[in-house]
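Remarks on the structure that follows.
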Amino acid sequence: MSTPPPTGPLVTRDTLAAQLRELGVQTGETLLVHSSLSALGWVCGGSVAVVQGLLDALGPDGTLVVPTQTGDLSDPAVWSNPPVPEEWWDTIRATMPAYDPLVTPAVGVGVIPETVRTWPGALRSGHPQTSFAAFGPRAAQITEGHAHDCRLGERSPLARLEALHARVLLLGAGYATCTSFHLAEYRIPSPLVKVGRPGPAGWEVVTEVSITSDRFDELGRDFDRDRPVVRGKVGAAEARLFPVADAVAYAGRWLEIHRPRAEEM
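Counting from 1, one number per residue, gives the positions in the sequence shown under the UniProt record's numbering.
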(Lines of atoms letter the chains of each structure in order from A and count residues from 1; the text may use other names and numbers.)
(Lines give C-alpha, C1' and ligand atoms only; values in the text may rest on other atoms or scores of the structure.)
Protein backbone atom coordinates (compact mmCIF):
# COMPACT_ATOMS: atom_id res chain seq x y z
CA MET A 1 0.00 0.00 0.00
CA SER A 2 1.57 3.27 -1.12
CA THR A 3 1.90 6.24 1.18
CA PRO A 4 -0.32 9.18 0.17
CA PRO A 5 1.50 12.34 -0.86
CA PRO A 6 1.76 15.13 1.73
CA THR A 7 -1.02 17.68 1.77
CA GLY A 8 1.23 20.60 2.63
CA PRO A 9 1.62 23.43 2.73
CA LEU A 10 5.27 23.28 1.72
CA VAL A 11 7.18 25.20 4.38
CA THR A 12 10.80 26.35 4.05
CA ARG A 13 13.27 28.19 6.24
CA ASP A 14 12.60 31.40 4.31
CA THR A 15 8.80 31.14 4.40
CA LEU A 16 8.96 30.45 8.14
CA ALA A 17 11.12 33.48 8.80
CA ALA A 18 8.91 35.71 6.65
CA GLN A 19 5.70 34.53 8.31
CA LEU A 20 7.19 34.89 11.78
CA ARG A 21 8.13 38.48 10.99
CA GLU A 22 4.65 39.09 9.59
CA LEU A 23 3.17 37.69 12.81
CA GLY A 24 5.20 40.22 14.77
CA VAL A 25 8.39 38.47 15.90
CA GLN A 26 10.95 41.26 16.27
CA THR A 27 14.64 41.31 15.53
CA GLY A 28 16.62 41.29 18.75
CA GLU A 29 13.89 40.12 21.08
CA THR A 30 13.90 37.17 23.48
CA LEU A 31 11.37 34.52 22.53
CA LEU A 32 10.17 31.48 24.48
CA VAL A 33 8.82 29.01 21.92
CA HIS A 34 6.42 26.12 22.51
CA SER A 35 6.04 24.22 19.26
CA SER A 36 4.68 21.35 17.21
CA LEU A 37 6.59 20.42 14.06
CA SER A 38 3.74 18.34 12.65
CA ALA A 39 1.32 21.27 12.93
CA LEU A 40 3.38 23.40 10.53
CA GLY A 41 2.80 21.32 7.39
CA TRP A 42 5.48 19.72 5.24
CA VAL A 43 8.69 21.40 6.39
CA CYS A 44 11.63 21.10 4.03
CA GLY A 45 14.48 20.34 6.40
CA GLY A 46 12.29 19.47 9.38
CA SER A 47 13.17 20.81 12.80
CA VAL A 48 16.53 22.18 11.61
CA ALA A 49 14.78 24.46 9.12
CA VAL A 50 12.34 25.59 11.82
CA VAL A 51 15.17 26.56 14.16
CA GLN A 52 16.97 28.32 11.31
CA GLY A 53 13.79 30.23 10.46
CA LEU A 54 13.30 31.27 14.08
CA LEU A 55 16.90 32.45 14.34
CA ASP A 56 16.59 34.31 11.04
CA ALA A 57 13.53 36.15 12.35
CA LEU A 58 15.22 36.97 15.66
CA GLY A 59 18.51 38.05 14.09
CA PRO A 60 21.93 37.88 15.74
CA ASP A 61 20.83 40.02 18.70
CA GLY A 62 17.78 37.86 19.48
CA THR A 63 17.64 34.93 21.88
CA LEU A 64 15.66 31.75 21.30
CA VAL A 65 14.48 29.79 24.36
CA VAL A 66 12.70 26.42 24.49
CA PRO A 67 11.60 24.03 27.25
CA THR A 68 13.81 20.92 27.42
CA GLN A 69 12.01 19.06 30.17
CA THR A 70 12.97 15.61 31.41
CA GLY A 71 9.95 14.47 33.36
CA ASP A 72 11.02 10.84 33.02
CA LEU A 73 13.72 11.54 35.62
CA SER A 74 11.16 11.01 38.37
CA ASP A 75 9.93 8.55 40.94
CA PRO A 76 8.58 5.40 39.24
CA ALA A 77 5.96 5.22 42.00
CA VAL A 78 4.09 8.12 40.32
CA TRP A 79 4.34 6.87 36.73
CA SER A 80 0.98 6.18 35.14
CA ASN A 81 1.49 6.37 31.37
CA PRO A 82 2.47 3.58 31.53
CA PRO A 83 3.07 2.41 35.12
CA VAL A 84 5.83 -0.07 35.94
CA PRO A 85 5.63 -3.00 38.39
CA GLU A 86 6.21 -2.01 42.01
CA GLU A 87 8.93 -4.62 42.35
CA TRP A 88 10.98 -2.62 39.80
CA TRP A 89 10.87 0.66 41.72
CA ASP A 90 13.93 0.22 43.93
CA THR A 91 16.09 -0.92 41.02
CA ILE A 92 14.94 1.99 38.87
CA ARG A 93 15.72 4.48 41.64
CA ALA A 94 19.15 2.94 42.17
CA THR A 95 20.20 2.82 38.52
CA MET A 96 18.50 5.77 36.77
CA PRO A 97 21.22 8.02 35.24
CA ALA A 98 21.40 11.48 36.80
CA TYR A 99 20.59 14.55 34.73
CA ASP A 100 23.41 15.80 32.52
CA PRO A 101 22.54 19.01 30.64
CA LEU A 102 24.89 18.04 27.81
CA VAL A 103 23.61 14.49 27.36
CA THR A 104 20.10 13.98 28.75
CA PRO A 105 17.56 14.33 25.92
CA ALA A 106 14.40 16.41 26.28
CA VAL A 107 11.24 14.35 26.66
CA GLY A 108 7.64 15.16 25.74
CA VAL A 109 8.23 18.62 24.30
CA GLY A 110 8.75 17.73 20.64
CA VAL A 111 11.66 17.56 18.25
CA ILE A 112 12.21 21.33 17.86
CA PRO A 113 13.37 21.85 21.48
CA GLU A 114 15.68 18.85 21.19
CA THR A 115 17.17 20.43 18.05
CA VAL A 116 17.77 23.70 19.92
CA ARG A 117 19.30 21.79 22.86
CA THR A 118 21.94 20.25 20.58
CA TRP A 119 22.52 23.43 18.52
CA PRO A 120 26.18 24.51 18.58
CA GLY A 121 26.55 27.20 21.21
CA ALA A 122 23.22 26.55 22.94
CA LEU A 123 23.13 26.59 26.75
CA ARG A 124 20.83 24.61 29.04
CA SER A 125 19.68 25.24 32.59
CA GLY A 126 20.53 22.86 35.40
CA HIS A 127 17.22 21.70 36.82
CA PRO A 128 17.03 17.91 36.41
CA GLN A 129 13.34 17.88 35.41
CA THR A 130 12.30 21.29 34.04
CA SER A 131 15.29 22.69 32.18
CA PHE A 132 15.27 25.25 29.37
CA ALA A 133 17.73 25.61 26.50
CA ALA A 134 18.64 28.95 24.96
CA PHE A 135 20.69 30.26 22.05
CA GLY A 136 21.69 33.88 21.63
CA PRO A 137 23.34 36.73 23.54
CA ARG A 138 21.07 36.41 26.61
CA ALA A 139 21.29 32.60 26.82
CA ALA A 140 23.64 32.54 29.83
CA GLN A 141 21.64 35.15 31.73
CA ILE A 142 18.49 33.07 31.24
CA THR A 143 19.81 29.59 31.96
CA GLU A 144 22.34 30.13 34.77
CA GLY A 145 21.36 29.52 38.38
CA HIS A 146 18.24 27.41 37.83
CA ALA A 147 17.76 26.17 41.41
CA HIS A 148 17.36 22.44 41.85
CA ASP A 149 14.41 22.93 44.19
CA CYS A 150 12.60 25.45 41.99
CA ARG A 151 11.17 23.84 38.90
CA LEU A 152 9.36 26.80 37.33
CA GLY A 153 9.42 29.55 39.93
CA GLU A 154 11.37 32.64 40.95
CA ARG A 155 14.78 30.94 40.63
CA SER A 156 14.05 29.47 37.19
CA PRO A 157 14.53 30.80 33.66
CA LEU A 158 10.85 31.80 33.59
CA ALA A 159 11.43 34.59 36.09
CA ARG A 160 14.47 35.76 34.08
CA LEU A 161 12.37 35.76 30.91
CA GLU A 162 9.71 37.83 32.63
CA ALA A 163 12.31 40.35 33.77
CA LEU A 164 13.78 40.55 30.27
CA HIS A 165 10.35 41.36 28.78
CA ALA A 166 10.46 38.18 26.71
CA ARG A 167 7.48 37.01 24.73
CA VAL A 168 5.93 33.59 24.26
CA LEU A 169 5.36 32.09 20.82
CA LEU A 170 2.90 29.21 20.67
CA LEU A 171 3.80 27.69 17.30
CA GLY A 172 1.19 25.05 16.61
CA ALA A 173 1.06 24.30 20.34
CA GLY A 174 -1.85 24.93 22.69
CA TYR A 175 -2.05 26.79 25.96
CA ALA A 176 -1.66 23.52 27.87
CA THR A 177 2.06 23.78 27.01
CA CYS A 178 2.43 27.37 28.24
CA THR A 179 5.06 27.10 30.98
CA SER A 180 4.66 30.79 31.86
CA PHE A 181 1.39 29.95 33.59
CA HIS A 182 3.37 27.79 36.03
CA LEU A 183 5.31 30.79 37.33
CA ALA A 184 1.99 32.13 38.61
CA GLU A 185 1.56 28.96 40.70
CA TYR A 186 4.58 30.03 42.77
CA ARG A 187 2.98 33.41 43.51
CA ILE A 188 -0.31 32.18 44.91
CA PRO A 189 -0.94 29.86 47.89
CA SER A 190 0.01 26.43 46.53
CA PRO A 191 0.59 23.08 48.25
CA LEU A 192 4.05 21.59 48.56
CA VAL A 193 5.01 18.13 47.37
CA LYS A 194 7.94 15.74 47.77
CA VAL A 195 9.68 15.12 44.43
CA GLY A 196 11.99 12.14 43.91
CA ARG A 197 14.63 11.96 41.20
CA PRO A 198 18.18 10.73 40.53
CA GLY A 199 20.92 13.05 41.73
CA PRO A 200 24.71 13.17 41.44
CA ALA A 201 25.05 11.28 44.74
CA GLY A 202 22.16 8.87 44.22
CA TRP A 203 18.41 9.05 44.68
CA GLU A 204 17.25 12.34 46.22
CA VAL A 205 13.96 13.80 47.42
CA VAL A 206 13.30 17.55 47.46
CA THR A 207 10.36 19.64 48.60
CA GLU A 208 8.79 21.61 45.75
CA VAL A 209 5.72 23.68 44.94
CA SER A 210 3.07 21.40 43.48
CA ILE A 211 2.51 22.34 39.83
CA THR A 212 -0.02 21.07 37.32
CA SER A 213 -1.18 22.07 33.85
CA ASP A 214 -4.73 20.92 34.63
CA ARG A 215 -7.18 23.54 33.30
CA PHE A 216 -4.45 25.42 31.41
CA ASP A 217 -6.54 24.98 28.24
CA GLU A 218 -9.43 26.73 29.98
CA LEU A 219 -7.11 29.39 31.41
CA GLY A 220 -5.66 29.91 27.95
CA ARG A 221 -9.08 30.38 26.35
CA ASP A 222 -9.90 33.12 28.83
CA PHE A 223 -6.48 34.74 28.41
CA ASP A 224 -6.90 34.61 24.63
CA ARG A 225 -10.28 36.33 24.98
CA ASP A 226 -9.30 39.00 27.49
CA ARG A 227 -5.77 40.00 26.56
CA PRO A 228 -4.20 41.42 23.36
CA VAL A 229 -2.77 38.18 22.01
CA VAL A 230 -1.32 38.39 18.49
CA ARG A 231 -2.80 35.58 16.36
CA GLY A 232 -1.85 34.34 12.94
CA LYS A 233 -0.68 31.44 10.81
CA VAL A 234 2.84 30.11 10.29
CA GLY A 235 2.73 27.39 7.70
CA ALA A 236 -0.41 25.45 8.56
CA ALA A 237 0.01 26.12 12.28
CA GLU A 238 -2.01 28.44 14.45
CA ALA A 239 0.43 30.82 16.11
CA ARG A 240 0.04 33.08 19.13
CA LEU A 241 2.41 35.73 20.46
CA PHE A 242 2.21 37.48 23.85
CA PRO A 243 4.43 38.74 26.69
CA VAL A 244 5.55 36.31 29.38
CA ALA A 245 4.73 38.92 32.03
CA ASP A 246 1.17 39.32 30.77
CA ALA A 247 0.58 35.56 30.86
CA VAL A 248 1.97 35.26 34.38
CA ALA A 249 -0.07 38.16 35.75
CA TYR A 250 -3.30 36.95 34.16
CA ALA A 251 -2.73 33.37 35.29
CA GLY A 252 -2.17 34.47 38.88
CA ARG A 253 -5.55 36.18 39.04
CA TRP A 254 -7.29 33.34 37.19
CA LEU A 255 -5.85 30.55 39.31
CA GLU A 256 -6.73 32.29 42.57
CA ILE A 257 -10.36 32.36 41.44
CA HIS A 258 -10.67 29.02 39.70
CA ARG A 259 -8.44 26.69 41.71
CA PRO A 260 -8.99 25.59 45.30
CA ARG A 261 -6.69 27.33 47.76
CA ALA A 262 -3.89 25.29 49.25
CA GLU A 263 -5.60 25.03 52.61
CA GLU A 264 -8.73 23.63 50.91
CA MET A 265 -6.85 20.85 49.08
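Cβ atoms here follow ideal geometry from the backbone N, Cα and C, with glycine treated the same way.
Only a predicted model underlies this, so the values are computations on that prediction, with no experimental measurement involved.
Is the stretch 11-31 close to the stretch 62-69, with three or more CB pairs under 8 Å?
Taking one beta carbon from each stretch, the stretch 11-31 and the stretch 62-69 have 3 or more pairs nearer than 8 Å; the two touch.
CA-CA distance, residue 180 and residue 258?
Whole-angstrom Cα-Cα distance: 17 Å.
Identified DSSP bridge partners for residue 66:
133
At which residues does the alpha helix (DSSP H) containing residue 34 begin and terminate?
Segment 30-35 is the beta strand (DSSP E) holding residue 34; no alpha helix (DSSP H) there.
In the DSSP assignment, what are the bridge partners of residue 242?
168
Does the stretch 150-157 come close enough to the stretch 195-213 that 3 or more CB-CB pairs lie under 8 Å?
yes
For residue 22, the first and last residue of its enclosing alpha helix (DSSP H):
13-23
Excluding sequence positions up to five away, which residues of its chain have a Cβ less than 7 Å from the Cβ of residue 216?
175, 176, 178 and 181
Taking residue 123 and residue 106 to be in contact with their CB atoms under 8 Å, please state how far apart those CB atoms are, rounded to whole angstroms.
Rounded, the Cβ-Cβ distance is 14 Å, inconsistent with contact.
Assumed close pair residue 244, residue 167 - CB separation to whole angstroms, cut-off 8 Å
Here residue 244 really is in contact with residue 167; their C-beta atoms are around 7 Å apart, less than 8 Å.
Suppose you measure from the CA of residue 297 to the CA of residue 86; what does that come to, to the nearest Å?
Nothing can be reported for residue 297: it is not among the residues displayed for the chain, which extend from 1 to 265.
Quick one: what does DSSP say residue 157 is sitting in, helix, strand or coil?
helix
Which residues in the same chain as residue 265 place their Cβ atom closer than 6 Å to its Cβ, once the five residues preceding and following it in sequence are excluded?
With a pLDDT of 40 at residue 265, under the threshold of 50, the modelled position of that residue is not reliable, and no figure is offered here.
Indicate the three-state DSSP secondary structure (helix, strand or coil) for residue 94 in the structure shown.
helix
Taking the C-alpha atoms as reference points, what is the distance between residue 89 and residue 255?
Distance between the alpha carbons of residue 89 and residue 255 is about 34 Å.
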